[in-house]
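Below is one structure; the comments refer to it alone.
Numbering (the numbering used here), first residue to last: 3 to 83.
Shown next, in the form of structure tokens:
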């Protein structure tokens, strides 16, 4: 039963993290200018650097979700079924 619980936790964790990733992407897509202006008040960065930072952040976050949630979830699903 412990492996089933771990698999369930990995599945829910993956869904929550994918929702955060989609929220981040949607927010940057729909409110890009507002978000840039807000961050430009706090940090001295160009719009290109801002875009690069968020693009790399999204890529790293997506890679972490795949590596730490989806791959173990799939592996447990194969082993338990």
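Beta carbons: idealized from backbone N, C-alpha and C, even for Gly.
Taking C-beta atoms as the reference points, residue 13 and residue 75 count as a pair closer than 7 Å. Per DSSP, the unbroken alpha helix (DSSP H) holding residue 75 starts and ends at 73 to 82. For residue 61, the enclosing alpha helix (DSSP H) starts and ends at 49 to 67. Take residue 23, set aside five residues on each side of it, and the residues of its chain with a beta-carbon closer than 8 Å to its own are 60, 63, 64 and 67, in chain order. Counting of Cβ neighbours within 10 angstroms places residue 25 among the exposed residues, the total staying below 16.
Its chain contains 67 and 71 as the residues whose beta carbon lies nearer than 7 Å to that of residue 19, once the 5 sequence neighbours on both sides are disregarded; these appear in chain order. A distance below 7 Å separates the beta carbons of residue 56 and residue 30. Distance from the CA of residue 51 to the CA of residue 33, rounded to the nearest whole angstrom, comes to 17 Å.
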